[in-house]
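Number of protein chains: 2
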Amino acid sequence: MVSAVDLEARRKAAELMRKMFSGVAEEIQREGRPVFVMPKRTLSNTIYDYKNKLLLLGPETLKRSFTDVNEARKFMQTVLMASIIYDSLVNNEYPTIRDLYYRGKHSISYRSSSGREVHENTWDEQKESDSVIRDLEVFLNVLREELLILSKEKGKVVGNLVIRSGDDTIDLSRMGHGAYSIEPTPDLIEFKDVDAEYVLVVEKDAVFQQLHRYGFWKKNKAILITSAGQPDRATRRFLRRLSDEYNLPVYILTDSDPYGFYIYSVFKIGSITLSYESERLATPRAKFIGVMMTDVFGDDVFREMLKDKDSKKELGSIARGLEKLAKKKPYLTEAERRNYIIKAKQRDLERAVELIGYNVADVCLDNAEYKNKLKKKEGLTGYPWFQTPEWVRELCVFFKTLSKLEIEAMASKGLKFLADHYIPEKISTGDWID
Amino acid sequence: MVSAVDLEARRKAAELMRKMFSGVAEEIQREGRPVFVMPKRTLSNTIYDYKNKLLLLGPETLKRSFTDVNEARKFMQTVLMASIIYDSLVNNEYPTIRDLYYRGKHSISYRSSSGREVHENTWDEQKESDSVIRDLEVFLNVLREELLILSKEKGKVVGNLVIRSGDDTIDLSRMGHGAYSIEPTPDLIEFKDVDAEYVLVVEKDAVFQQLHRYGFWKKNKAILITSAGQPDRATRRFLRRLSDEYNLPVYILTDSDPYGFYIYSVFKIGSITLSYESERLATPRAKFIGVMMTDVFGDDVFREMLKDKDSKKELGSIARGLEKLAKKKPYLTEAERRNYIIKAKQRDLERAVELIGYNVADVCLDNAEYKNKLKKKEGLTGYPWFQTPEWVRELCVFFKTLSKLEIEAMASKGLKFLADHYIPEKISTGDWID
């Protein structure tokens with residue numbers, strides 16, 4: 001009943017594991033000192049490659065030695081997890097990371113050197129077992145999905161795209177009003193035929209439904225994807241593969257707020273703390289098309305601010321290039337703004353500072369109460385890939401107006417407006433942030 | 001680009017709206033006293049039909065009169081919302097309830113009788129506009145989806161089932177490793193061909209993925225659905241239609257905890273406060289197959305409790321039939337329980353009392369601290385459809401053990417165990433709760 005694709009993936013993964021662990025096994029049989037060497041998954045060993053817009057793991061490695069008392073526990077956990085995953089592979093199981101946590105969770109009883117009976121748990125929290133799975137991904141240089149580890153999956157897609165998944169060939173342009181729900185192991189998908197000019201990723205499922213139903217992807221020869229909120233790994237990997245293998249431009253459409261900007265950032269770069277994933281899950285060519293703060297407000301407040309010499313000085317090197325930005329006209333009228341805008345919350349501001357750094361908040365934020373609450377974020381420099389004139393402007397307008405806007409507001413102005421005017425115009429005029 | 005199905009649905013809905021509002025329009029043109037009469041959506045007008053296991057709206061009605069100063073605002077909101085929905089229908093829009101909120105939100109300015117200029121908002125919160133949409137559903141006797149109002153949609157399905165959606169015919173047995181994501185307007189789906197013996201609904205997407213990948217639905221001739229957590233309206237309506245139109249048994253598999261039991265309850269009966277939806281969204285024939293508390297622990301603690309005469313007396317009429325329940329053996333060993341069980345939280349207990357009533361908690365709960373915290377729930381009688389011997393036993397074991405268990409634990413014991421033993425055995429022996 002199981003697909004041939006899965007059987008082949010299992011065979012390959014099990015073989016890789018045998019190969020990578022054979023050294024350790026031999027060392028144990030020789031009663032030697034077994035040790036793992038793997039890249040360090042630390043912040044200090046994470047490098048942002050400005051040119052290729054990628055997060056990479058640096059050259060630092062760590063050792064896990066069985067005979068070092070400080071490392072024995074981690075060594076045990078690594079071997080235990082590897083054996084559970086290997087068993088799952090050969091027994092046709094499809095565990096989730098939650099399963100792997102449950103499967104490995106037990107007490108090991110032994111006598112200590114002083115003769116006392118000791119009980120030690122393999123792991124207590126799923127946090128611990130998840131971390132071991134990440135170690136193994138880095139050690140084996142595979143994504144966990146290639147080890148047939150499954151997870152829940154929210155991503156959906158429609159468009160002129162034929163894929164092969166499992167034993168089936170599926171035409172994603174023939175999904176009716178529904179959509180194709182992406183599988184949790186997107187590396188096992190084979191793209192058979194793609195006839196599209198770009199990929200549009202919509203953060204919100206409800207807006208995806210509207211655009212789909214309206215025939216947006218047919219009219220515009222687009223592939224339409226939704227992540228239904230924060231993107232999961234499979235949706236990210238699926239997008240990356242589409243973009244790579246067919247050289248397709250990728251546009252991301254989110255709410256106009258720091259959480260939306262962050263979702264874009266996850267698609268494009270990934271997260272600093274999980275940089276080893278980014279190398280394969282992130283889509284460096286993804287562009288943010290909106291909704292921009294400047295689509296809502298234009299950039300007058302921002303240009304006002306630039307006139308102030310002190311402000312510019314305080315922005316420092318980041319201020320270079322700001323004046324060269326083309327002027328932006330808002331898509332919304334004053335009356336529409338009044339009805340559609342939502343007041344920003346404290347946590348939106350905190351997220352904004354995490355993205356752009358405290359400096360921009362300090363210069364652009366006029367509200368003393370909010371500013372005071374942000375003091376604890378002083379010194380934060382933000383993500384390197386947000387340090388561009390375009391993003392400084394976006395976040396500056398955010399700090400000035402303390403407002404946010406949902407994509408739905410653009411659909412409320414009219415689905416025709418969103419589908420036939422806003423999105424196509426932004427794409428055709430290149431009004432995006434890269 | 002829009003499907004013929006949608007055009008026809010629009011035409012029908014717009015016609016219905018014209019018909020239902022023509023009386024009001026005429027009354028307004030005559031400068032008379034326009035008034036709406038519609039069923040009351042109140043708790044007191046909600047009836048649980050024990051025989052058919054359905055929540056129904058009772059015979060009480062309410063009037064919304066334009067010339068009554070207390071009702072004028074609600075009258076205005078109803079007419080405003082109806083006109084926005086009507087416009088959307090004729091303009092090929094697919095609004096969400098969020099859109100409808102945005103579209104109608106504005107200030108109405110007028111001079112009061114004293115000559116003062118007054119500004120009144122049509123509505124402030126989405127809560128208000130949502131309530132008006134519900135009124136219209138009841139007034140028109142349709143689901144909002146039939147008015148082409150869309151929403152985000154989480155439900156997925158795979159199985160031997162061919163459907164027609166939009167202009168496409170889709171074979172849901174040919175989805176590869178992915179799945180078919182149900183459309184937000186399930187009444188527009190046409191079921192073409194179903195070859196299945198039952199429907200299995202799995203609460204958790206990750207477990208759905210595992211069973212799908214394992215070939216469960218092929219082996220067992222089942223249709224496999226996941227609600228990915230709390231079921232949304234479209235998933236519920238889709239299930240109801242499948243069950244009705246093909247006379248298929250429906251089994252629900254959730255976590256073993258009061259939230260899981262509640263999810264089952266939403267599928268089967270719906271919610272008391274939205275009973276008007278239940279008439280068409282609920283699936284009365286849905287059965288709970290697990291995970292039961294007694295699948296985890298057996299029912300020894302419960303039988304112990306029954307020996308206590310006082311306890312039985314306190315349970316009152318609910319105690320009748322408890323002794324006739326067939327004895328239950330647990331599926332898990334003591335060691336497995338130790339690794340898999342999660343401690344119940346205060347909010348789990350509160351949810352349990354909402355389902356079964358305070359009385360059962362009072363009798364079965366030994367932990368004094370928890371009991372004390374539940375005092376505020378005293379007097380709660382629970383949902384009528386949970387007042388059965390089987391559910392008293394389940395919740396009693398829950399209160400006794402203060403434990404819960406995820407479906408994943410059953411998959412951790414082995415996907416083979418879950419797919420080839422646990423689920424088929426429970427179905428073939430009739431070990432479910434109806």
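Taken in sequence, the protein lines are chains A and B. The first sequence begins at 1 in the UniProt record's numbering and counts up by one. The second sequence begins at 1 in the UniProt record's numbering and counts up by one. For each residue, glycine too, the CB sits at the ideal point set by N, CA and C. Note that the coordinates shown come from a computational prediction; the quantities given were computed from them, not determined experimentally.
- Contact of S412 of chain B with chain A is assigned, a C-beta pair being separated by under 9 Å.
- Below the 7 Å Cβ cutoff, chain B contributes D168, I170 as neighbours of M175 of chain A, in chain order.
- The three-state secondary structure of S107 of chain B, taken from DSSP, is strand.
- In the three-state reduction of the DSSP assignment, M38 of chain B falls in the strand class, which pools E and B.
- In the same chain as P186 of chain A, and ignoring 5 residues on each side of it, the C-beta atoms closer than 6 Å to its own belong to A234, R237, F238, in chain order.
- M76 of chain A places its beta carbon 9 Å or farther from that of S181 of chain B.
- Of the residues assessed, N70 of chain B falls on the exposed side of the cut-off, its CB having fewer than 16 other CB atoms within 10 angstroms.
- Contact between F288 of chain A and L355 of chain A fails: their C-beta atoms lie close to 12 Å from each other, not under 8 Å.
- Taking 7 Å as the upper bound on Cβ-Cβ separation, chain A lies near residues H106 of the region 106-129 of chain B.
- With contacts defined as CB atoms closer than 9 Å, L150 of chain B and R213 of chain A qualify as a contacting pair.
- Put simply, the backbone Cα of Q387 of chain A is about 57 Å away from that of L380 of chain B.
- For R98 of chain B, the nearest beta carbon of chain A is closer than 9 Å to its own beta carbon.
- Annotation for R233 of chain A: the continuous alpha helix (DSSP H) segment containing it runs 233-246.
- Taking 9 Å as the cut-off, the beta carbon of A228 of chain A is found closer than this to the beta carbon of K152 of chain B.
- Only residues of its own chain outside the window of five on either side were considered, and among them L402 have a CB closer than 7 Å to the CB of N367 of chain B, listed in chain order.
- Neighbours of N247 of chain B across chain A, judged by C-beta separation under 9 Å, do not exist; the nearest C-beta is about 24 Å away.
- Annotated three-state conformation of A222 of chain A is strand, per DSSP.
- Annotated three-state conformation of R164 of chain B is strand, per DSSP.
- Sixteen is the threshold: since fewer than 16 other Cβ atoms of the shown chains lie within 10 Å of the Cβ of Y50 of chain B, the residue is exposed.
- For G290 of chain B, the enclosing beta strand (DSSP E) begins and ends at 286-290.
- Counting every other CB atom within 10 Å of its CB across the protein chains shown gives D255 of chain B a total of 16 or more, marking it as buried.
- Within the same chain, Cβ atoms closer than 8 Å to the Cβ of A206 of chain A are found at E408, the five residues on either side in sequence being excluded.
- Taking 4 residues as the shortest admissible run, the region 43-121 of chain A contains the following complete alpha helix (DSSP H) segments, listed from N- to C-terminal end: 72-90, 97-104.
- Interface criterion met: the Cβ of S165 of chain A is under 9 Å from a Cβ in chain B.
- Straight-line spacing of the CA atoms in L55 of chain A and I272 of chain A works out to 7 Å.
- Going by beta carbons, V142 of chain A and L16 of chain A fall inside the 9 Å limit.
- Judged by their CB atoms, A282 of chain A and I252 of chain A are not nearer to each other than the 9 Å cut-off.
- At a cut-off of 9 Å between beta-carbon atoms, V5 of chain B makes contact with chain A.
- Contact residues of the region 332-350 of chain A toward chain B are N339, Y340 (C-beta to C-beta distance below 7 Å).
- Residue-level contact by beta carbon holds for A409 of chain B and chain A, with a gap shorter than 9 Å.
- Relative to the Cα of D244 of chain B, the nearest Cα in the group B:R280, B:W123, B:D434 belongs to B:R280.
- Counting the other Cβ atoms within 10 Å of the Cβ of E394 of chain B gives 16 or more, which makes it buried.
- Taking Y331 of chain B as reference, the option from B:T294, B:V24, B:D310, B:K154 with the minimal CA-CA separation is B:T294.
- Beta-bridge analysis with DSSP links T169 of chain B to B:R164.
- CA-CA distance, V132 of chain A to R103 of chain A, rounds to 14 Å.
- For A419 of chain B, no alpha helix (DSSP H) run applies, since DSSP gives it neither H nor E.
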